[in-house]
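The structure under discussion appears below in the form of structure tokens.
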Amino acid sequence: MFEQPLSTLAALIADRKLSSRELTQSYLDRIAALNPALNAFITVDAEKSLQEASAADARIAAGDMTPLTGVPIAHKDIFCTDGWRTTCGSHMLHNFVAPYDAHVIRQFKAAGMPSLGKTNMDEFAMGSSNETSYFGAVKNPWNHDYVPGGSSGGAAACVAARMAPAATGTDTGGSIRQPASLCGITGLKPTYGLVSRYGMIAFASSLDQAGPMAKSAEDCALLLNVMTGFDAKDSTSLEREKEDYSRDLVKPLTGLRVGLPREFFADGLNAEIGASVMAAVDELKKLGATVVEVELPNAKLAIPVYYVLAPAEASSNLSRFDGVRYGYRAPEYSDLNDMYCKTRAQGFGAEVKRRILIGAYVLSAGYYDAYYLQAQKIRRLIANDFTEAFKTCDVIAGPTAPNTAFKLGAKTDDPVEMYLNDLYTIPANLAGLPGMSLPCGFDQAGLPIGLQLVGDYFSEAKMLNVAHQYQRATDWHARKPEGV
Ligand code: GLN
């Protein structure tokens with residue numbers, strides 16, 4: 000049952016061969032058994048999950064259902080959830096219960112999908128290894144000595160360990176794709192603006208985007224159908240007609256032009272990853288695709304650009320955590336200023352403080368032009384490179400991450416080394432383009448390798464088509480960690 004696609008689970012429930020309550024209970028049992036070792040969930044509330052499952056069963060009995068009614072899902076702890084604690088992986092919000100649901104949560108509730116709980120994440124989504132979480136690191140289900148990637152590390156680990164059939168994630172610089180890659184699952188970051196950010200705790204608002212994480216592209220398509228849609232409460236939400244992202248899954252790939260960016264296959268690329276990605280490209284060729292070389296000459300500037308822009312936006316977004324309105328407040332202080340200072344000193348972890356300081360610095364009067372403005376200009380050049388590239392190809396393929404999962408603690412003392420994990424994922428965020436990661440092999444240590452696809456704006460259906468055809472021809476996505 001835990002290996003079934005979402006459509007099969009939904010059909011079993013719709014046909015009353017399985018109740019949502021039974022299915023939800025079996026996942027809760029797996030969470031109870033595996034979470035103590037993996038730490039993928041911050042909050043689990045079996046009673047609430049089962050109540051939501053019973054409500055789904057009642058809807059089915061009344062004939063009021065959607066394609067995924069009754070199928071449970073785990074939510075990244077960055078989404079505000081009415082009645083459930085929402086911590087964003089931070090001490091600052093360790094006791095925060097939102098009075099409302101994020102748009103994404105509302106969409107899944109409207110679809111009748113019970114929540115299995117809130118998944119662990121890097122503090123305020125800042126990190127690539129899930130080690131900055133106030134609630135402790137998540138372990139990679141493929142090897143518990145290794146990180147699951149981040150910041151949606153709990154989401155990726157819970158899907159890989161079959162503690163949930165699907166999960167939500169968010170991706171500001173790679174946080175859906177990189178953990179998907181390191182945990183051997185499929186994850187998609189949509190075009191910026193397709194999924195409402197209302198109620199999703201803001202990190203860098205011009206980059207943040209929520210998306211699905213699941214075992215396969217087919218499952219991601221169904222989840223994306225639930226998540227997308229215009230929302231007047233998010234000023235960057237796009238007013239577009241609703242699409243069916245499953246519509247093109249079965250199309251043949253004949254004539255598909257796959258672009259390989261020269262820069263992504265340059266010297267520094269790990270040989271095992273390069274070989275697996277090229278084998279995946281060969282598979283796409285067998286399925287009818289042709290390959291063209293493309294250039295992304297400014298992509299190499301993505302990391303420095305991102306680490307100016309994302310901290311700048313974060314320093315502004317995180318100013319709201321002042322001990323007055325949300326979550327944590329220092330227990331002792333002498334006056335208002337001292338309360339702000341102590342609350343923020345005690346409530347934020349080291350990485351978050353580093354970003355706030357960098358952000359305040361690059362936005363300060365003397366440096367704004369030299370750093371922030373300059374970074375915005377290069378951001379445009381990076382986006383223009385993609386526009387050029389998509390004149391000659393339909394989808395860009397390459398590695399998701401420059402490495403497979405690394406050992407817990409291996410990069411915690413070197414922030415820049417950690418930042419480099421997002422070398423290949425950040426360009427798509429800066430350009431606002433959709434990107435996805437899907438499993439395409441394993442390294443010698445048995446750790447998963449991810450293939451990244453980046454598409455033009457609004458080409459999610461095409462990317463999912465490519466990924467689904469690849470997954471029909473291969474079985475990397477169906478492999479699971481030993482003992483799971
Ligand atoms: N790892 C990147 C960072 O630390 C990206 C995080 C994300 O996408 N949320 O900022």
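In numbering that gives the first Met the number 0, the protein residues as written are 0 to 483. Using N, Cα and C, we set each Cβ at its ideal position, and we do this for glycine too. Quantities reported herein were computed from a predicted structural model and do not represent experimental measurements.
Give the secondary structure of Glu292 by DSSP, where H, G and I count as helix, E and B as strand, and everything else as coil.
strand
Where Thr169 sits in the DSSP three-state scheme:
strand
Can you tell me whether DSSP reads Gly482 as helix, strand or coil?
coil
Which same chain residues end up closer than 7 angstroms to Leu446 when comparing Cβ atoms and leaving out the 5 residues on each side of it in sequence?
Trp141, Asn142, Tyr145, Thr403 and Ala404
Would you mind giving the Cβ-Cβ distance between Met199 and Ala311, rounded to the nearest angstrom? I have them listed as a contact below 8 angstroms.
At roughly 19 angstroms, the Cβ-Cβ gap does not stay under 8 angstroms, so Met199 and Ala311 are not in contact.
Let's test the definition: count the other Cβ atoms within 10 Å of the Cβ of Gly186 and tell me whether it reaches 16, buried, or not, exposed.
buried
DSSP three-state label for Ala382, please.
helix
Thinking just about the alpha-carbon of each residue, which of Arg343, Tyr366 and Ser314 is nearest to the one in Arg324?
Arg343
With a CB to CB cut of under 8 angstroms and the five nearest residues on each side skipped, what residues in its chain are close to Thr391?
Arg256, Gly258, Val291 and Val293
Beta-carbon proximity list for Ser204, same chain, < 6 angstroms, skipping 5 on both sides
Glu312
Check whether the Cβ of Thr171 lies closer than 7 angstroms to any heavy atom of the ligand GLN, and answer yes or no.
Result yes, Cβ under 7 angstroms from the ligand GLN.
Does DSSP put Asn269 in a helix, in a strand, or in coil?
coil
Kindly indicate which residue of Ala61, Phe123, Asp474 and Gln50 has the alpha-carbon position closest to the one of Met112.
Gln50
Could you check the C-alpha separation between Leu335 and Phe78 for me, to the nearest Å?
30 angstroms
For the candidate residues Gly126, Pro66 and Lys117, whose alpha-carbon lies nearest to that of Ile30?
Lys117
Can the beta-carbon of Ala165 be found less than 8 angstroms from the beta-carbon of Ile302?
no
According to DSSP, is Asn94 part of a helix, a strand, or is it coil?
coil
Pairs of beta-carbons, one from the stretch 243-251 and one from the stretch 452-472, closer than 8 angstroms: are there three or more?
yes
On the criterion of 16 or more Cβ atoms from any shown chain inside 10 Å, does Asn38 qualify as buried, or is it exposed?
buried
What separation, rounded to the nearest whole angstrom, lies between the Cα atoms of Leu11 and Met0?
10 angstroms
His102 in three-state terms, based on DSSP
In the three-state reduction of the DSSP assignment, His102 falls in the helix class, which pools H, G and I.
4-residue-minimum alpha helix (DSSP H) runs that sit fully inside the stretch 143-206, ordered along the chain:
152-159 and 176-182
Quick one: is Gly183 buried, meaning 16 or more other Cβ sit within 10 Å of its Cβ, or exposed?
buried
DSSP has Ser436 in a bridge; who is on the other side?
As computed with DSSP, Ser436 is found in a beta bridge with Gly186 and Gln451.
So who's on the other strand from Ile502, going by DSSP bridges?
The structure shown has nothing for residue 502, since the chain only spans 0 to 483.
Measuring from the CB of Gly150, is there a heavy atom of the ligand GLN at a distance below 7 angstroms?
The amino acid occupying residue 150 in the given sequence is Ser; Gly does not appear at that position. Yes, since a heavy atom of the ligand GLN falls inside the 7 angstroms radius drawn around the Cβ of Ser150.
Go to Ala209, then tell me how far its beta strand (DSSP E) extends in each direction, as first and last residue.
Ala209 to Ala213
Neighbourhood of Ile59 by C-beta, 7 angstroms cutoff - its chain only, sequence neighbours within 5 removed
Ile12, Ala13, Thr68 and Gly69
Is the stretch 133-140 touching the stretch 153-169, taking contact as three or more C-beta pairs under 8 angstroms?
yes
Same chain, Cβ closer than 8 angstroms to Ala155, five either side skipped, listed in chain order
Take Ala155, set aside five residues on each side of it, and the residues of its chain with a beta-carbon closer than 8 angstroms to its own are Pro147, Gly148, Ala166, Gly168, Pro178, Ala179, Leu181, Cys182, Ile184, Gly186 and Met212, in chain order.
Look up Ser127 in the DSSP assignment and say whether it is helix, strand or coil.
coil
Throw me the rounded Cβ distance for the Leu407 and Ala36 pair, which I believe falls under 8 angstroms.
Actually they are not in contact, since the Cβ atoms of Leu407 and Ala36 sit about 13 angstroms apart, beyond 8 angstroms.
Any heavy atom of the ligand GLN within a distance shorter than 7 angstroms of the CB on Met125?
yes
First and last residue of the uninterrupted alpha helix (DSSP H) at Thr342
Run containing Thr342: Leu335 to Gly346, per the alpha helix (DSSP H) assignment.
Does the ligand GLN have even one heavy atom less than 7 angstroms from the beta-carbon of Ser275?
no
Are there any heavy atoms of the ligand GLN lying less than 7 angstroms away from the beta-carbon of Ala31, as far as the coordinates show?
no
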